[in-house]
Each structure stands twice: as structure tokens, then as C-alpha cells.
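K.L.:
Each residue of the sequence shown is one higher than the one before, counting from 2 in our numbering. Heads up, the beta-carbon is just placed ideally off N, CA and C, and yes, glycines get one too.
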Amino acid sequence: MMAQFQEVLRQSSLHPKPAGLVLQYGTAGFRTNAKHLDHIMFRMGLLATLRSKKTKATIGVMVTASHNPEEDNGVKLVDPMGEMVTQAWEGYATLLANAEQQDVLTSLKEIIEKEAVNMSQEANVFLGRDTRCSSARLSQAVLDGVSALGGHSKDYGLVTTPQLHYMVCCQNTGDKYGEATVEGYYNKLSQAYIQLIKHAPNCTDDQKHLCVDGANGIGALKVREMEAHLKSGLQISLVNDGSQGKLNDQCGADFVKVQQKPPSGMKMNPGERCCSFDGDADRIVYYYTDSEGQFHLLDGDKIATLISTFLKELLTQAGLNLNIAVVQTAYANGSSTRYLEDTMKVIVRCTKTGVKHLHHAAQEFDIGVYFEANGHGTVLFSKSAEEKIQQLSKDPNTDDERKTAALLLQNTINVINQTVGDAISDMLLIEAILATKGLTVQQWDAIYSDLPNRQLKVKVSDRRVIDTTDAERRAVRPAGLQETIDSLVKKYRQARSFVRPSGTEDVVRVYAEAETQESADALAHEVSLAVYRLAGGVGDEPKPLH
Ligand code: 16G
Ligand code: MG
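1) On the three-state DSSP scale, how would you describe residue 528?
2) Do you know how far the Cα of residue 220 is from the Cα of residue 422?
3) Pairs of beta-carbons, one from the stretch 119–134 and one from the stretch 54–74, closer than 8 Å: are there three or more?
4) Closer than 7 Å to a non-hydrogen atom of ligand 2 - does that hold for the CB of residue 451?
5) Quick one: residues in its chain with C-beta nearer than 7 Å to the C-beta of residue 393, no 5 flanking neighbours on either side, listed in chain order?
6) Can you pull the DSSP bridge partners for residue 212?
7) Tell me whether the beta-carbon of residue 440 lies closer than 8 Å to the beta-carbon of residue 200.
8) By Cβ distance, which residues of its chain are closer than 7 Å to residue 18, with the 5 residues on each side in sequence left out?
9) When burial is assigned at 16 or more other CB atoms within 10 Å of the CB, is residue 210 buried or exposed?
10) Whole-angstrom Cβ separation of residue 450 and residue 336, contact assumed at under 8 Å?
11) Rank 237, 294, 299 by C-alpha distance to the C-alpha of residue 259 and give the top, closest one.
12) In chain order, what residues of the same chain lie with their CB nearer than 6 Å to the CB of residue 89, ignoring the 5 residues before and after it?
13) Under the three-state reduction of DSSP, which class applies to residue 153: helix, strand or coil?
14) Examine ligand 1 and report whether any of its heavy atoms sits within less than 7 Å of the Cβ of residue 355.
15) Count the other C-beta atoms from every protein chain shown that fall within 10 angstroms of the C-beta of residue 539, then say buried if there are 16 or more, exposed otherwise.
16) DSSP has residue 30 in a bridge; who is on the other side?
17) Using alpha carbons as the reference points, say which of 182, 215, 232, 520 lies closest to residue 191.
18) So who's on the other strand from residue 76, going by DSSP bridges?
19) Is residue 162 near ligand 2, judged by its Cβ being under 7 Å from some heavy atom?
20) Does the beta carbon of residue 284 fall short of 7 Å from some heavy atom of ligand 2?
21) Do the CB positions of residue 156 and residue 16 come within less than 8 Å of each other?
22) Which same chain residues, not among the five before or five after residue 52, have their C-beta less than 8 Å away from its C-beta?
23) Do you know how far the Cα of residue 281 is from the Cα of residue 494?
24) Quick one, which of 161, 173, 458 has its alpha-carbon nearest residue 226's?
25) For ligand 2, I want to know if residue 446 counts as a neighbour, meaning its beta carbon is within less than 7 Å of at least one of the ligand's heavy atoms.
26) Between residue 380 and residue 417, is the Cβ-Cβ spacing less than 8 Å?
27) In angstroms, rounded to a whole number, what distance separates the CA positions of residue 66 and residue 397?
28) Tell me whether residue 281, by its Cβ, gets closer than 7 Å to a heavy atom of ligand 4.
29) Between which two residues does the beta strand (DSSP E) containing residue 454 stretch?
30) For the stretch 370–450, which segments carrying the alpha helix (DSSP H) assignment without a break, of at least 4 residues, lie completely within its bounds, in sequence order?
31) Determine which residues share a DSSP beta bridge with residue 514 and list them.
32) Short check: CB of residue 49 to CB of residue 62, under 8 Å?
33) Kindly give me the distance between the Cβ atoms of residue 524 and residue 515, rounded to whole angstroms, as I take these residues to be in contact under 8 Å.
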């Protein structure tokens, strides 16, 4: 053990921490300019090794900064079942990341002691990275961390974030979930997709065509690889494939969602289905332009609605009594929540922002569909739900209609990456649903109409002065802020507004929706002003949008 710690010390000095630099393990790991991250990566290699010893399972480390600019990078840790690392260990990550050079061993020993980690236990770490030019160098630092503590590692190289989550889950479930290889991932998903679209009534080549914006990132590379497995069941035109443009620059799911406009490089014919991935391919949004040239976005809420409608219909056809819920955040458009509750009559839950919160809430149901409005989401099936579906599909006494529905449900389960939101998997599921239901993108869009909305951000000297409750829908601090928001909201029809401190940027976020765009914009501005005045705004006062 002593020798091991000596090695940690020696290696750590080769990955020095800039003195005074403080970083937080945020909503989705560490994320900042790549030049500050070498020591973080080395230390996350150490921490992943400890986590692996503790859980006696393989742990994942993904080097990516998702939709951030190319100059940034980041790292996310993946727990044994392919989930985000548990909260207590996020705290350890922050502790270890911020220890000054001479205190690294002390922090490491503190974690070992607190968690009673058996240091003679073997450790196994899976590593993946996105296409950023800093990613190769930074993943080497992770590998150094793993080897310093004598852990084993497997470097998957360039993979999407959800592919790495998938691999970790496969490895720890003895391949029950699938084979822990990229090829295994393509085979499982594409076979399920091909089975699903066999039920599509006379699908024309036109309907099989989809434009994909790869955000000039890893998703573009991987969608190309996947396409070869789909046996022309889907015809993809790929733009922003990384051959020319810059990662996430004027493109990608985050750009399209925030700017509410198509990415650069996308030529759209009226009514043509298009989608965008984000920089690590764990988010997807769809869109099209109508014959008047008007842009229409189909975000995570529309996706959740499409998927849950499809699943509910199949459950009814199969005669299966399983509960199904949709999990959203406060950002979900009010129209989507109303449609789901009043028309679809499914259970709707609201959680705090951040995938792990949605994921955990979705686990409480037989079938939990979770999506953030920004396009991150997936579907979780409980073990007993999967078993019931499987039994039904094999039962010789089941009539044809019920059997077909059960088989469709089974293939739906197989096309989904249940570990985390996955742009490729979500894309295949959406495409399969549209094909089997014979729906155009306009018909999907028409299921309900979004309420006009606006998002703004306000700079304050310390965003922690804002404290929220009720899944971030109400502010409890600073005093008077919620009362002010309530009285502003009352001025507009069908209005709703909330504020929350960002988990990834040093700002307070403001959301407002209302019957008209003018009202939503005015309300967002007025609430921003209230935040600026009551929560210590810095810089110029927020200006009206019009
Ligand atoms: C991260 C989260 C995303 C969330 C966003 C909110 C994960 C994997 N990603 O990107 O789910 O929507 O943060 O950012 O959890 P904000 O706190 O800055 O609004
Ligand atoms: Mg992402």
C-alpha cells in the first residue's frame, strides 16, 4: 500500500494542480477550459479506481464537455449500472479535485477511510472520449491516475457519452444487457430497429429519409457507423460531420433549442424531418420548416409525448396493466404537461434539472419516460415490466393482436439505451414510431401547441443567494422574490415563470411562458429585473427585449 501511495505522489507531480484553482463537480461533472483540466483528469482516474474497488464493479470515465465550445473539456463519472455517479462521490470528486498538490494523499486517504475502501480489491475502469483536440491528452491523464493506483483500464477511444454508459452497464450485468463493445451496441439497437419498422405500413423512401446535424462532433462519426448496420432502413443525410466546421459552433442540439433556428449548413425542404445531436450525442431535438418557411422545433417535451403515446397504445393492445409516467422538469412547456395529464391521462412528475434527478424519479414506475425540454432523455422499464412483456410474447395462449403488441414492446425495449439519454437510440426510436404510426413530422408537431416562452440569464455576484423548492418552481430566497414573481405572473394569461441558479454557469436562469410571445418576453424581462434587484445583480440592468 505504501508503494502505491508513493506512485500516486510521483505521478501526481507530473499532473500538477495550478495553485488556488477551485472547481466543482457540477450537474454533469467538471467542465471548464481544457487547459485547467490535466490534474482533474489524473485525479478522476484515481477516484474512479477507488469507486471501482468500493463497488467491486467496472466504473466509467467520459472525457467530454458536451455542448460547450471546442476549447472547453470536462469529465463525467459513470456508476456500475451505467448511471451518473452517486451524490456522495460527487462530493469526493470536488474534494480531491481541489486539494493542493501537497494534500492529494491526505484527501485520497480520507476518502478511502470514509468509504472503507478495500485497497487490495481489483479495480476496472472504462474510458471514452469525444472529438475535442484536447481529449486524447486528457484521457491519457485519466489512465495515469488509474495505473498509479494499480487499476486496470480499457480505453474505448472515441465514443459517445451514452455508448460508454452502455458499455459499463453491459460489463457489470454479465452481458445480460448486451455485449460491452461498440459493435455490440450497433447490433442490438439496429436489429431492434429493423424489427420495429417491419410493422410500418408501406413506408416510402421519402419517409425513411432524415437529415442529421452531427454538431461536428462524436455523434457524427458514430451515426455513420450505425448507418451501415441499418440496412437502408433509414436514409440519413449527415451535415456538420466534423470534416469542416467547428464543434458545436452554430450547430448542435443546444444551439438549435436556445436560438430556435436551424443549424448552419442544414438545407431544409418544407416539411422535411431534421434533427440535431449535441457535442457528445446525449441530446437530440427535431425540427422542420413549413411551406411558409416558418421554423418549428420539436423538443424533449414533444419527444416524451410521442414516445409515451406509443407505449400507452401498445400496453392497451397487449392488455398489460403497467403504470406509465412521464418525468419532466420545470422547463417543460405548460402545454405538454396539460396534454399529458388531461388528454393522455398519464402520471406526470416534475424534478429538479439534471439527468440524475429525472432518472431516479423514472425508476419508480413500471415504465418511466423522462425527458428534459433540451432533448436529453430516455425510457426506463422496471425488471418486472420487462418480464411481463417477455412472458406475454412467449405465451402460446396469447391472441395475435396481443402478441404483436408484446413483440413491438420488446423491440422497443431493445432499441432504447436505458442507462442514459442517447441521441442515436432516441433517433431510432422516434423514427420507428413515426414509421409504424405513419405520422409525418407536422402531424407529430400538431399533437399539441407549445406556449410561447423565453429563457434569459442574469449575472449576480453570488448565484447561491437564490434557493428554490418544489422542483425549482418556487424561490424561497431571497426574501420577497417569489412574491414579486407571483404578482408579475398574474398580469398575463396562461403565464408561468421561475428562476434557478444554473448548475453549469455562473448565472441565474429565468424562464417565462405565456399566451403570446410578447407576454412571455415581457414577463421574462420583468422577472429578470426582480432577480437583478433582489439577488445582487452585477453589470447593467436587464433591458427589455423589444
Ligand atoms: C447539464 C445536465 C443537463 C441540464 C443542464 C442544466 C446532465 C448529464 N446534464 O448539462 O441535464 O439540463 O446541465 O444546466 O445532467 P444549467 O444548470 O446551467 O441550467
Ligand atoms: Mg451532452
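P.N.:
To lay it out plainly:
1) helix
2) 13 Å
3) yes
4) no
5) Closer than 7 Å at the Cβ level, and outside the excluded window around residue 393, lie 319, 321, 399, 403, 407.
6) In the DSSP secondary-structure assignment, residue 212 is bridged to 238, 275.
7) no
8) These residues qualify, in order along the chain: 40, 101, 102.
9) exposed
10) 6 Å
11) Nearest C-alpha to residue 259 among 237, 294, 299: 299.
12) Contacts found: none.
13) Looking at residue 153 - three-state DSSP - the assignment turns out to be strand.
14) Checking every heavy atom of ligand 1 against the Cβ of residue 355, one is found closer than 7 Å.
15) Under this definition residue 539 is an exposed residue.
16) 27
17) Of the listed residues, the one whose Cα sits closest to residue 191 is 232.
18) Looking at the DSSP assignment, residue 76 forms a beta bridge with 31, 64.
19) yes
20) yes
21) No, the Cβ-Cβ distance between residue 156 and residue 16 is not below 8 Å.
22) 60, 78, 80, 86, 90
23) 38 Å
24) 161
25) no
26) yes
27) Residue 66 and residue 397: Cα-Cα distance of roughly 50 Å.
28) No copy of ligand 4 appears in this structure; the ligands present are ligand 1 and ligand 2.
29) 454–459
30) 384–395, 401–416, 424–438, 442–446
31) 454, 497
32) yes
33) 6 Å
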